[in-house]
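Peer 1: Can you keep this structure in mind? I'll have questions shortly.
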Amino acid sequence: MAAIEERIKELARRRKAIVLAHNYQPPEIQDLADMCGDSLELSRRAAETDAEVIVFCGVHFMAETASILSPDKTVLLPRLEAGCRMADMITAGALRARLDSLPPMPVVTYVNSPAEVKALSTICCTSANVVQVAESLDADQMLMTPDRNLAMYAASRTGKKIHVWDGYCPIHERLRPQDVEAARRAHPDAVFMVHPECRPEILELADVIASTSGMLRHAAESKAGQFIVGTEIGLLHPLQKANPDKRFYPVSDKMVCPDMKKISLQDVLECLEKMSNQVKVPEDIRRPALEAVQKMVALG
Ligand code: 13P
Ligand code: SF4
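First residue of the sequence shown? That's 297 in this note's numbering, and the numbers climb one at a time after it.
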């Protein structure tokens, strides 16, 4: 192991810290982490760990979710400016105004959102459990925020009336049918896996629709030997690492989330040395947000 990784591991031991990394993080961060996963798995791990410090290698809403679930732990985000462009497309004020214009109904909020918005929501969801969450509600209609693509996907799978918020992930939104067709032509025998943040016309072309960890599971279990990966390119690293005999191709080289690429090993080392870059959700927001997150986690 290189010197910097050893220094981080040693410091993490002394600080009783756990390093969590999202599946889109740079390869060297994923290789260093105690656990990698999708948003749902990372939320669960943040809730369960007995570490005193959580170093969250991901984006801001993920560190906030860890703080919501574990208020007594210190949560560090090695680069505080690593945000999520979709989460920036909604605010608590804008959600209140929208709710005033609708009859009373539950609000389902994707974890890719600010803590203040979770605090106003009935329940949270991730890309891994959005259908299960919508079905769990004793209501025929609901507002789903902030991802319109995820909301349309949930509506198509549940038959419920879902009012959408007009947000989206600019990285997944970029993907067009022509990109998929070109990738299919280049790799005609490959299975096309896609993330539900993509547009409906892309989901229609998919063989598999799944969260990032759902894609990892599918690739491991499938008999197929080749896959076109319809999500952020960071997922190529764990896919290839876990399945060295299979081949993975990015659907397009434009699927790069700059915020997910901000954290370096040096940033991880520095924040652990200084115990800097803490993310803490204020208690008046944390409590109602926790209710929405816990309802999701409790669905299992
Ligand atoms: P997953 O929960 O599927 O890992 O997705 C998180 C995300 O930010 C997708 O863009
Ligand atoms: Fe947010 Fe999209 Fe980046 Fe995921 S890929 S963190 S949804 S901007």
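Backbone N, C-alpha and C fix where the C-beta goes; we use that ideal spot for every residue, glycine too.
Is the separation between the beta-carbon of T418 and that of V403 shorter than 9 Å?
Peer 2: yes
Peer 1: Does the beta-carbon distance from V315 to I300 come in below 9 Å?
Peer 2: Contact flag unset, no.
Peer 1: Using a Cβ-Cβ cut-off of 7 Å (strictly less than) and excluding sequence neighbours within five positions of V427, which residues of its own chain qualify?
Peer 2: A450, R453 and T454
Peer 1: Under the DSSP definition of a beta bridge, which residues are partnered with R543?
Peer 2: Q522
Peer 1: Rounded to the nearest angstrom, what separates A525 and L395 at their Cα positions?
Peer 2: One detail in the question is off: residue 525 reads as Val in this sequence, not Ala. Rounded to the nearest whole angstrom, the C-alpha separation of V525 and L395 is 37 Å.
Peer 1: Does the beta-carbon of P484 have 16 or more other beta-carbons within 10 angstroms, so that it is buried, or is it exposed?
Peer 2: exposed
Peer 1: Who are the near neighbours of C380 in its chain, counting only those whose CB is closer than 6 Å to its CB and skipping five residues on each side?
Peer 2: Only V355, F357 and N408 meet the Cβ criterion.
Peer 1: Leaving out the 5 sequence neighbours to the left and right, which residues in its chain are closer than 8 Å to D541 when beta-carbon positions are compared?
Peer 2: G521
Peer 1: Let me check understanding here. Comparing Cα to Cα, which of S509, K591 and C567 lies closest to R311?
Peer 2: C567
Peer 1: Applying the 10 Å Cβ sphere with the 16-neighbour rule, what's the burial state of R392?
Peer 2: Burial call: exposed.
Peer 1: Ignore the nearest five residues each way along the sequence and tell me which others in A599's own chain have a CB closer than 7 Å to its CB.
Peer 2: This structure leaves residue 599 out entirely; the chain is present only between 297 and 596.
Peer 1: With a 10 Å radius around its C-beta and 16 neighbouring C-beta atoms as the bar for buried, classify K414 as buried or exposed.
Peer 2: buried
Peer 1: Rounded to the nearest angstrom, what separates A359 and S366 at their Cα positions?
Peer 2: About 10 Å.
Peer 1: Tell me, please, whether the segment 368-382 touches the segment 568-578 by the rule of three or more beta-carbon pairs shorter than 8 Å.
Peer 2: Because the criterion of three Cβ pairs below 8 Å is met, the segment 368-382 and the segment 568-578 touch.
Peer 1: Would you call S335 buried or exposed, if buried means 16 or more other Cβ atoms sit within 10 Å of its Cβ?
Peer 2: buried
Peer 1: Measure how close the beta-carbons of L565 and E324 come, nearest whole angstrom, since I'm counting them as under 8 Å.
Peer 2: About 12 Å separates the two Cβ atoms, so there is no contact after all.
Peer 1: Could you check the C-alpha separation between K591 and R481 for me, to the nearest Å?
Peer 2: 43 Å
Peer 1: Please classify A298 as buried or exposed, where buried requires at least 16 other C-beta atoms within 10 Å of its C-beta.
Peer 2: exposed
Peer 1: When the Cα of W461 is compared with those of K558, R470, L439 and P400, which residue comes out closest?
Peer 2: L439
Peer 1: Taking 9 Å as the cut-off, decide whether the C-beta atoms of H468 and E493 are in contact.
Peer 2: Their beta carbons are under 9 Å apart, which means H468 touches E493 by this criterion.
Peer 1: Kindly indicate which three-state DSSP category Q562 falls into: helix, strand or coil?
Peer 2: helix
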